[in-house]
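Below is one structure, written out as structure tokens; comments come after it.
Dropping the structure here:
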């Protein structure tokens with residue numbers, strides 16, 4: 019399955035954003051939410067461009083928008099923090 023993996027999250031309505039960067043390339047912001055609050059997998063809702071130039075007109079342009087297609091990134095649970 020092409021999904022982000024986030025463990026230990028069981029609340030409906032929880033959303034996470036993950037920034038992915040590569041050397042010499044623009045970053046991407048992936049946003050996902052839990053499915054029925056019972057899944058360890060977060061389907062991507064959208065992905066947006068994060069150019070290295072903060073003044074770029076392409077900042078936060080849509081890269082991808084899909085309910086169940088995502089980026090093949092598996093995210094270790096120890097990299098996440100819940101802020102309330």
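Numbering (the numbering used here), first residue to last: 19 to 102.
All C-beta atoms in this analysis are idealised placements derived from N, C-alpha and C, irrespective of residue type, glycine included.
The beta carbon of residue 78 is closer than 6 Å to those of 66 in its chain, skipping five residues each way along the sequence. The beta carbon of residue 45 sits closer than 7 Å to those of 37, 38, 39, 68, all from its chain and outside the five residues before and after it, given in chain order. In chain order, 67, 69 place their CB closer than 6 Å to the CB of residue 76, counting only its own chain and leaving out the 5 sequence neighbours on each side. Collapsing the DSSP output to three states places residue 68 in a strand.
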